[in-house]
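Under our numbering, the residue at position 225 of the sequence shown is numbered 379, and the numbers go up by one with no gaps.
Beta carbons are placed, not taken as given, at the ideal position from N, Cα and C, and that holds for glycine.
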Amino acid sequence: MIIIYTVLFYLLLPFIFLRLLWRSRKNPLYRQRWLERLAYIPSQSDQPSIWLHAVSVGEVIASTPLVKALVAEYPQYKIVMTTTTPTGSAQVLRSLGQSVTHFYLPYDLPSCINRFLRRCRVKALIIMETELWPNLLRVTHKQKIPIIIANARLSERSKRRYDSVKPLMKQILSQISMLIAQSESDAARYMDLGLSEANVKISGNIKFDLTVPRNIFIQGDKIRTRVGIASRPAIMLASTHDGEEKIWVSIIKRIKLQIPEVLLLIAPRHPERFDDVSQLMHAHDLSVARRSLGQVVTPEVDIYLCDTMGELLQFYAASDVSFVGGSLVPIGGHNLIEPAALGLPVVTGNYLQNFEMVKRQLLDAQALLVLKSSEAIAESMVNLLLDREERLSMGRRAKEVVATNNGALQRHLDVIDGYIPSVDVESEQLRQRQ
């Protein structure tokens, strides 16, 4: 089956590049660095490397504390990071600067993976969350390089899809050295697919170890002051997908009937949709100010479009209530921990299959509202904005959940340490001189 998959991948390669070209219409960065996707990269022969793959922005943010710890703990290694998206690449640069080397993930073809492993002298591979590429795992395992899946999660929905190819999944999972699961439920789903219990540890969710900048609320206040939000009640609508902003058009209009001065901040998940969201709001007679254009929020503005990257925490800090997107359409939700860590009440739609454990923890603490209808969302937002005591109390409960669940990062490091080969520094220096 792997042979069939590989042949099909080779045959589809021209169409994959055409898709990149198509996506570059809205994001020109998809037109760049194509050779990296085939692993034609400069040789990184000066040091052996630890390779960490994080698919895009959310995974890069989640992995940042882990990467910083790896940089400090293993100075004899170069840390090579890969992502699949330009936004992920930009987030690596923002979060980690020159402390790591970034490339795009090579396509899942044996020749590409072999070339990447050779040119980067990879000695260990760490994959964040759920990226199980068959050839990536097979070729890496064949070279006797340990493979660790960090902060691993698997929703029940994804598990049902994998059940249809269970023999293949068992073969793929057998190549993993260690899977560090977020929860017992995630671990159980992987083991049901064929992963040996001996290759599973449960650590909790590394996203709970989010480092919140000490001056984050000063930054939030600066945003409110400089762009003209001032004392207006503000809702942060974060990480939205196609279809969700249209639902929110009716929600914000309902809210404005009772709180006319309310301001909705929107941060779409994908930059290529910024213009579409702006046009949608204008089409529904909602006035928009755009962050990227330096536009200010006048009293007439209804929407502040957060169309920049790397500022989501500041926007949360500038808001009174949060709504996390990817939850009104069947995406599975996005990071609930970020607004919770800042002490904001967290509201979402009901599609949260990717964050079941976090959802349960926040619900148990009465720090999360999971709502299905536009009417219920609008009513809850109005209640939270008008009831300051309940809003602050709900935010405190959310923050306590995050504090209680800290520690997954250290548990990850303890496990990973057992799979990082020791390097004889003197022998390595001699090899480089030769």
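| query | result |
| --- | --- |
| 8 Å contact criterion, which VAL536 and ILE377 should meet: CB distance rounded | About 23 Å separates the two Cβ atoms, so there is no contact after all. |
| Per-residue DSSP class, three states only, for ALA208 | coil |
| Integer Cβ distance of ILE420 from CYS460, believed to fall under 8 Å | 6 Å |
| Where THR379 falls: helix, strand or coil (DSSP) | helix |
| 9 Å Cβ cutoff met for LEU539 and ASP456 | no |
| Assigned exposure category for ARG545 - 16 Cβ within 10 Å defines buried | buried |
| Cβ distance (whole Å) where PRO260 is taken to contact LEU192 below 8 Å | 7 Å |
| Residues near ASP262 by beta carbon distance below 7 Å, same chain, minus five either side | PHE163, TRP287, PRO288, ASN289, LEU290 |
| Cα-Cα separation between VAL501 and ALA341, rounded to whole angstroms | 27 Å |
| LYS400 versus SER385: straight-line alpha-carbon distance, rounded | 26 Å |
| C-beta atoms of VAL569 and ILE281 nearer than 9 Å | no |
| Residues that ARG187 bridges to, as DSSP identifies them | Per DSSP, none; premise fails for ARG187. |
| Exposed unless 16 or more other CB atoms sit within 10 angstroms - verdict on GLU213 | buried |
| Segment limits, alpha helix (DSSP H) that includes VAL431 | 428-437 |
| Integer Cβ distance of GLN325 from ARG307, believed to fall under 8 Å | With a Cβ gap of about 21 Å, GLN325 and ARG307 do not count as contacting. |
| Rounded C-alpha distance that separates LEU322 from SER339 | 21 Å |
| Extent of the continuous beta strand (DSSP E) to which ASN607 belongs | Absent from the model: residue 607. The displayed extent of the chain is 155 to 588, so no value can be given. |
| Under 9 Å between C-beta atoms of SER210 and GLY242 | yes |
| Buried versus exposed, by CB contacts within 10 Å (16 or more), GLY487 | buried |
| Proximal residues to HIS524 (C-beta, below 6 Å), its chain only, five neighbours per side dropped | According to the sequence provided, residue 524 is Val. The question's His does not apply to it. Here the set comprises THR502, ASN504. |
| Cβ contact check for the segment 343-351 and the segment 309-322: 3 or more pairs under 8 Å | yes |
| Top-ranked residue by Cα proximity to THR255, from CYS266, PHE270, SER265 | PHE270 |
| Coil, strand or helix - SER476 by DSSP | strand |
| CB contact flag (GLY464, GLN245, <9 Å) | yes |
| Min CB distance GLY397 to chain D below 9 Å | Of the chains in the structure shown, none is chain D; there is only one protein chain. |
| Cβ pair LYS180, ASP429 closer than 9 Å | yes |
| Three-state class that DSSP yields for THR236 in the structure shown | strand |
| Chain-order list of residues whose beta-carbon lies under 7 Å from that of ASP363 (same chain, five-residue window excluded) | PRO219, ASN560, ALA562, LEU563 |
| Among LEU206, GLU533, TYR231, nearest to THR237 - alpha-carbon criterion | LEU206 |
| Proximal residues to GLU580 (C-beta, below 6 Å), its chain only, five neighbours per side dropped | Low per-residue confidence applies at GLU580: pLDDT is 43, beneath 50, and the placement is therefore not dependable enough to give any value. |
| DSSP-derived helix/strand/coil call for ARG587 | With a pLDDT of 48 at ARG587, under the threshold of 50, the modelled position of that residue is not reliable, and no figure is offered here. |
| Minimum C-alpha distance to PRO484 - residue among TYR573, ILE156, SER312, LEU466 | SER312 |
| HIS424, DSSP secondary structure in three states | coil |
| Beta-carbon contacts of GLU415 that lie in its chain and below 8 Å, excluding the five residues immediately before and after | ARG386, PRO387, PRO453 |
| Euclidean distance between Cα positions of ALA472 and PRO575 | 45 Å |
| Proximity winner among ARG275, SER481, GLY358, relative to SER393 (alpha-carbon distances) | SER481 |
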